[in-house]
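No gaps in the numbering here: position 72 of the sequence shown is 147 in the working numbering, and each next residue is one more.
Presented below is the structure to which this report refers.
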Amino acid sequence: MKIKHDECTISQDMYYLMERLFPICRSITGDGVRITLNILKELIPEIAINEVPSGTQCFDWTVPDEWNIKDAYIITPTGEKIADFKVSNLHVVNYSEPVDRSLTLEELNKHLYSLPELPHAIPYVTSYYYRRWGFCLTDQQRKQLQPGNYRVYIDSALKAGSLTYGELVIPGETREEIFLSTYVCHPSMANNELSGPVVTTFLALWLMSLPKRRYTYRIVFIPETIGSIVYLSQHHKELKQNVYAGFNITCVGDQQTFSYLPSRQGNTISDRVARHVLKHIFPNYLEYTFRDRGSDERQYCSPGIDLPMASVMRSKYGTYPEYHTSLDNLNFVTPEGLSGSYTALLHCLQCLEFNQILHTQCYGEPQLGKRGLYPTIGVRNPQKRLRDMMDVLAYSDGNHDLLSIAEKIETPLWELITLVNTLKEHNLLNENKYHNSTMTVMNEYV
Numbered sequence: 076m077k078i079k080h081d082e083c084t085i086s087q088d089m090y091y092l093m094e095r096l097f098p099i100c101r102s103i104t105g106d107g108v109r110i111t112l113n114i115l116k117e118l119i120p121e122i123a124i125n126e127v128p129s130g131t132q133c134f135d136w137t138v139p140d141e142w143n144i145k146d147a148y149i150i151t152p153t154g155e156k157i158a159d160f161k162v163s164n165l166h167v168v169n170y171s172e173p174v175d176r177s178l179t180l181e182e183l184n185k186h187l188y189s190l191p192e193l194p195h196a197i198p199y200v201t202s203y204y205y206r207r208w209g210f211c212l213t214d215q216q217r218k219q220l221q222p223g224n225y226r227v228y229i230d231s232a233l234k235a236g237s238l239t240y241g242e243l244v245i246p247g248e249t250r251e252e253i254f255l256s257t258y259v260c261h262p263s264m265a266n267n268e269l270s271g272p273v274v275t276t277f278l279a280l281w282l283m284s285l286p287k288r289r290y291t292y293r294i295v296f297i298p299e300t301i302g303s304i305v306y307l308s309q310h311h312k313e314l315k316q317n318v319y320a321g322f323n324i325t326c327v328g329d330q331q332t333f334s335y336l337p338s339r340q341g342n343t344i345s346d347r348v349a350r351h352v353l354k355h356i357f358p359n360y361l362e363y364t365f366r367d368r369g370s371d372e373r374q375y376c377s378p379g380i381d382l383p384m385a386s387v388m389r390s391k392y393g394t395y396p397e398y399h400t401s402l403d404n405l406n407f408v409t410p411e412g413l414s415g416s417y418t419a420l421l422h423c424l425q426c427l428e429f430n431q432i433l434h435t436q437c438y439g440e441p442q443l444g445k446r447g448l449y450p451t452i453g454v455r456n457p458q459k460r461l462r463d464m465m466d467v468l469a470y471s472d473g474n475h476d477l478l479s480i481a482e483k484i485e486t487p488l489w490e491l492i493t494l495v496n497t498l499k500e501h502n503l504l505n506e507n508k509y510h511n512s513t514m515t516v517m518n519e520y521v
């Protein structure tokens with residue numbers, strides 16, 4: 076199956092979008108999320124932006140007050156401005172309450188955060204549900220602070236507002252849905268934040284470019300944790316009824332490896348597809364268990380919800396030193412890393428779109444030669460495509476889906492699409508009409 080995109084152009088376009096989004100100070104609420112979603116909406120006008128008021132009860136959680144920040148810094152005893160929010164938005168503990176006061180170094184240290192193990196990195200620290208204020212700086216800089224009086228200033232606001240999220244529904248030929256979720260709540264970090272919404276945006280553009288889709292696609296851009304809880308509280312009944320497969324998309328920007336984290340059940344169609352794709356594109360991928368969860372799969376796969384959500388990632392959150400620091404920057408991710416993840420997830424969607432249960436239309440092995448599908452002269456070793464054709468026909472007994480056949484014959488499912496369509500055109504294969512999760516996929520996908 077050919078991708079109808081120039082992958083080189085896509086990789087550069089994704090990286091450019093990341094560069095544009097990187098400076099924005101995002102949090103679980105606030106104008107940073109709105110600005111981010113409105114930029115994505117420039118590319119996809121169909122994205123609906125929704126607001127959920129502060130104080131709204133969502134399962135066991137409550138939407139918090141909205142947080143916005145204009146400025147923050149520390150003035151040293153010598154008059155130097157440090158921990159300047161306008162230099163790096165990671166310098167301020169996310170969700171800090173406003174403060175304007177003078178205090179000693181001993182008092183200030185109670186509000187400072189640094190990483191001795193990464194002396195040149197600014198850590199990312201949050202306090203969403205407990206009122207406090209604080210600053211983050213490199214450990215090297217912290218050790219250089221001298222005794223004396225410091226002025227601390229944070230111009231922020233915490234007040235009733237709303238939580239903002241984006242939603243895109245791309246109609247298909249069935250009500251069954253593929254659910255894609257990514258988060259837009261972190262400030263300036265590249266792999267563990269922006270890579271997810273950037274790659275997801277371009278997957279949405281690809282899906283919208285298709286003339287037809289078997290499944291309906293529901294795509295959300297939400298704040299992590301509280302956003303998925305809010306969304307589930309509003310939509311869990313229809314999600315449980317309609318979602319056939321799904322992926323939580325995060326940490327897809329670097330080039331170090333590929334990773335896979337399964338759903339809680341571990342054997343859903345999403346899990347099967349993820350393993351199939353990664354086995355073919357990056358055989359040495361790292362497979363985690365659901366006990367290693369840490370993103371929104373916690374909510375989507377929770378008991379009572381149990382959506383078939385898996386994660387295909389690059390370096391998994393929490394496993395690389397740059398995670399949740401200023402070192403997770405635009406140098407850590409690459410256009411090639413983004414493009415590789417885009418292709419991997421696109422193959423996952425292709426596998427879902429084209430997977431179907433097939434059965435042959437004749438008894439015995441069909442005569443392919445008279446249909447121009449077999450060499451008219453016998454050869455010692457038939458080419459792989461011919462072998463794949465024969466194998467697909469051999470296993471198309473109405474009991475195997477194409478994904479399981481692709482696994483048996485050790486061929487990527489997406490490489491079988493043209494072949495299957497050819498066999499259908501010659502009335503040698505037909506889709507099992509009794510399988511309620513598949514439909515004929517048109518040649519336009521090829």
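Idealized CB from N, CA, C, for every residue including glycine.
Residue i Cβ short of 7 Å to the ligand SAM heavy atom set
i: L421; result: The ligand content of the structure shown is nil, which means the ligand SAM is not present either.
Residue(s) in a DSSP beta bridge with residue i
i: L255; result: I294, F322
i: K156; result: I150
i: S386; result: L336
i: N143; result: A232
i: E362; result: Y335
i: Q132; result: T137
i: L238; result: V127
Nearest residue (CA-CA) to residue i, options the options
i: V259; options: G247, T275, P246, E252; result: T275
i: E26; options: A469, E242, Q331, I149; result: Because the chain here runs from 76 to 521, residue 26 falls outside it and cannot be looked at.
i: E490; options: G412, H501, V352, T364; result: V352
i: P98; options: P262, T486, L278, S308; result: P262
i: Q87; options: G412, W136, G393; result: G412
i: T137; options: C326, A419, E299, I304; result: I304
i: T291; options: A349, G321, V168; result: G321
i: R446; options: T394, H501, G415; result: H501
i: D476; options: D140, D403, F429, P410; result: F429
i: G247; options: Y319, V108, D159, L494; result: Y319
i: G236; options: N125, K287, Q458; result: N125
i: P139; options: K218, G302, I119, D214; result: G302
i: G369; options: N113, S345, T300, G473; result: T300
Inter-residue spacing [alpha-carbon to alpha-carbon] between residue i and residue j
i: R207; j: E172; result: 6 Å
i: R95; j: G130; result: 32 Å
i: L285; j: H186; result: 52 Å
i: H166; j: S189; result: 10 Å
i: T257; j: G271; result: 6 Å
i: K578; j: I122; result: As shown, the chain starts at 76 and ends at 521. That puts residue 578 outside it, with no answer to give.
i: G209; j: Q221; result: 18 Å
i: E485; j: E440; result: 21 Å
i: F357; j: N266; result: 19 Å
i: P128; j: E141; result: 9 Å
i: L424; j: I492; result: 13 Å
i: F134; j: L180; result: 42 Å
i: R289; j: L280; result: 16 Å
i: L478; j: Y335; result: 18 Å
i: L269; j: L448; result: 47 Å
i: I253; j: I157; result: 47 Å
Nearest-angstrom beta carbon gap, residue j and residue i [assumed within contact, 8 Å]
i: M93; j: F277; result: Going by Cβ atoms, the distance from M93 to F277 rounds to 11 Å, so no, they are not a contact pair.
i: Y225; j: T325; result: Y225 to T325, Cβ: 37 Å. No contact.
Does the pairing of the stretch 360-380 with the stretch 174-189 give three or more beta-carbon distances under 8 Å?
no
When the Cβ atoms of the stretch 145-155 are set against those of the stretch 197-207, are three or more pairs found closer than 8 Å?
no
contact_flag[the stretch 336-345, the stretch 308-316] where n(CB pairs < 8 Å) is 3 or more:
no
For the 8 Å Cβ check, are there 3 or more pairs between the stretch 430-438 and the stretch 467-484?
yes
I'd like to know if the stretch 288-299 and the stretch 235-245 are in contact, where contact means that at least 3 CB-CB pairs between them fall below 8 Å.
yes
When you compare the stretch 350-367 with the stretch 376-393, are there three or more beta-carbon pairs, one atom per stretch, that lie closer than 8 Å?
yes
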